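Residue numbers (the numbering used here): 33 to 328.
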């Protein structure tokens with residue numbers, strides 16, 4: 033058995049996960065292999081997400097594995113013969129842990145986060161908008177990173193929000209890494225068939241929870257300049273809902289109402305801004321400098 037820590041949780045796993053930080057202590061989440069052939073997967077729906085009980089989800093990825101996630105405490109994996117181990121872990125550490133976070137009543141946002149003056153700044157956006165690239169650029173300037181791709185937020189009774197740290201790496205495409213002056217030779221690929229690599233940031237990884245200070249949503253437009261604008265509370269809630277990681281899982285578990293309330297509490301204490309950059313242009317340094325000026 034292996035013991036890791038991620039998102040403030042102690043994880044005991046039958047599967048070795050080199051992506052995670054080695055941990056210790058009593059397990060909050062157990063990951064193990066098991067038989068799931070009798071779970072409700074049909075020929076008509078060979079893959080997808082299924083609600084199979086209270087606070088329980090079955091994730092079925094054809095040719096890879098089925099994952100049964102229960103109560104935010106256990107992940108059972110039924111592996112398909114011949115499945116790729118890297119892909120198996122990709123779904124485990126992505127969607128399966130996303131279900132764990134939803135089941136634990138957290139708000140997992142689809143974004144990256146950095147530390148500034150002891151507080152956390154989160155960048156949200158669609159896949160491919162440049163969240164990981166932006167995080168890596170901040171690392172190059174000496175900032176510390178908490179999360180790449182998933183930022184879980186815990187809301188306390190007083191309304192304050194804390195960001196829970198994730199993996200000690202940022203995933204970068206090869207061409208982006210080269211533009212940042214990084215060499216990909218020797219780095220581990222995210223999947224064997226992808227030109228995406230794990231860019232280690234262990235020396236710049238902040239591994240303890242930090243209070244949420246501000247949220248930016250990253251967008252592109254056809255204008256030549258950048259545009260920043262602060263969102264009112266309602267638009268801020270909508271933005272958080274739109275950029276919630278694996279939000280379809282909430283509907284399966286009837287958690288959409290509770291999620292709206294959690295997002296409402298976040299925007300009461302945190303500024304949410306949208307940022308537009310010119311489409312099709314690699315103006316990373318300019319964006320970083322404008323962001324630094326904005327949150328200082």
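Using N, Cα and C, we set each Cβ at its ideal position, and we do this for glycine too. Keep in mind the model is a prediction, meaning the values are calculated, not measured.
The region 150–167 touching the region 129–138, judged by at least three CB pairs closer than 8 Å: No contact exists between the region 150–167 and the region 129–138.
At least three beta-carbon pairs within less than 8 Å, the region 236–255 to the region 302–320: Under the three-pair Cβ rule at 8 Å, the region 236–255 counts as touching the region 302–320.
Residues near residue 95 by beta carbon distance below 7 Å, same chain, minus five either side: For residue 95, same chain residues with a beta-carbon under 7 Å away, outside a window of 5 residues either side, are 112 and 115 in chain order.
Segment contact flag, the region 184–193 with the region 136–149, C-beta cutoff 8 Å, min 3 pairs: Taking 8 Å as the limit for Cβ pairs, the verdict is that the region 136–149 does touch the region 184–193.
Cβ-Cβ distance between residue 40 and residue 200 below 8 Å: No; because the gap between Cβ atoms is not below 8 Å, this pair is not in contact.
Through-space distance from residue 198 to residue 44, alpha-carbon basis: Roughly 16 Å separates the two Cα atoms.
Rounded Cβ spacing between residue 163 and residue 144 (contact assumed at less than 8 Å): Right, the Cβ-Cβ distance comes to about 5 Å (below 8 Å), so this counts as a contact.
Residues near residue 76 by beta carbon distance below 6 Å, same chain, minus five either side: With a pLDDT of only 45 at residue 76, under the threshold of 50, the placement of this residue in the model should not be trusted; the figure read from the coordinates follows. Cβ neighbours of residue 76 within its own chain (closer than 6 Å, five residues either side excluded): none.
Selected residue, minimal CA-CA separation from residue 210, among 227, 196 and 195: Nearest of 227, 196 and 195 to residue 210, Cα basis: 227.
Beta-bridge partners of residue 106, as assigned by DSSP: Bridge partners of residue 106: 62 and 102.
Residue 100 to residue 66 span [Cα, whole Å]: Distance between the alpha carbons of residue 100 and residue 66: 9 Å.
Local conformation of residue 256 per DSSP, three classes: If DSSP states are grouped into helix, strand and coil, residue 256 belongs with coil.
DSSP three-state assignment for residue 161, whether helix, strand or coil: If DSSP states are grouped into helix, strand and coil, residue 161 belongs with coil.
Delimiting residues of the alpha helix (DSSP H) encompassing residue 289: Taken as a continuous stretch (DSSP letters only), the alpha helix (DSSP H) holding residue 289 covers 288–301.
Contained beta strand (DSSP E) runs [length at least 3] in the region 133–215, N- to C-terminal order: Listed in chain order, the complete beta strand (DSSP E) runs (minimum 3 residues) inside the region 133–215 are 139–148, 151–156, 176–179, 182–187, 193–195 and 201–205.
Cut-off 6 Å between Cβ atoms - residues of its own chain near residue 170, not counting five sequence neighbours on either side: Non-local beta-carbon contacts of residue 170 in its own chain, meaning distances under 6 Å to residues more than five positions away in sequence, involve 146 in chain order.
The alpha helix (DSSP H) enclosing residue 265, as first and last residue numbers: DSSP places residue 265 inside the alpha helix (DSSP H), whose first and last residues are 265–274.
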